[in-house]
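Participant: Per the working numbering, the sequence shown starts with residue 35, numbered consecutively.
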Amino acid sequence: TADALEDITSSFASKLGVGSFGDVFAGHLSTGDWGLHDEVAVKVPPREIAGDSDTSSKRIDEQFLRELRAGAIRDEHLVPILAVCLEARAIVYPRALRTLEDHLRAEVSPLPVP
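And the structure:
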């Protein structure tokens, strides 16, 4: 529910960034709430939308459905969807605790030469 998202994100206190669909906030689940992922990222549509509300609402719904379709694809390179809140049009993902830069700069063992 939208109330649960408020609790998980401490009232959307820590913004991680902006995605194609909206803003992304850090969240924390109590141990055992939804399995193994304690740290989550919650993606929600922008709170205030400029312009015509009917048009903006339709665009948000279309983008939300695109995100859900993309999340249905199972691939080791895509982050899986943990939960969805239809009421708030929010999507909950496991939170990567390392950045892309961390992964790219990680020391990698050279491949053995045959």
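Heads up, the beta-carbon is just placed ideally off N, CA and C, and yes, glycines get one too.
From a predicted model like this one, the values you see are computed outputs, not experimental measurements.
Going by beta-carbon coordinates alone, are F46 and F59 separated by less than 8 angstroms?
Facilitator: yes
Participant: Cα separation between L102 and R139?
Facilitator: 31 angstroms
Participant: Determine the DSSP secondary structure at E73, reduced to helix, strand or coil.
Facilitator: DSSP places E73 in the strand class (E or B) of the three-state scheme.
Participant: Going by the beta-carbon positions, is the gap between I107 and V118 smaller than 8 angstroms?
Facilitator: no
Participant: Does DSSP put G51 in a helix, a strand or coil?
Facilitator: strand
Participant: Just curious, the beta strand (DSSP E) that I125 is in, first and last residue?
Facilitator: 124-128
Participant: Can you tell me where the alpha helix (DSSP H) holding D41 begins and where it ends?
Facilitator: 36-42
Participant: Using the Cα positions of F98 and R123, report the straight-line distance between them to the nearest angstrom.
Facilitator: 7 angstroms
Participant: When we look at the beta-carbon of K49 and count the other beta-carbons within 10 Å, is it buried (16 or more) or exposed?
Facilitator: exposed
Participant: Give every residue of the same chain whose Cβ lies closer than 6 angstroms to the Cβ of P79, excluding the five residues on either side of it in the sequence, and list them in chain order.
Facilitator: G56, I94, R123
Participant: Taking the beta strand (DSSP E) that D57 falls in, what are its first and last residues?
Facilitator: In the DSSP assignment, D57 falls within the unbroken beta strand (DSSP E) covering 57-62.
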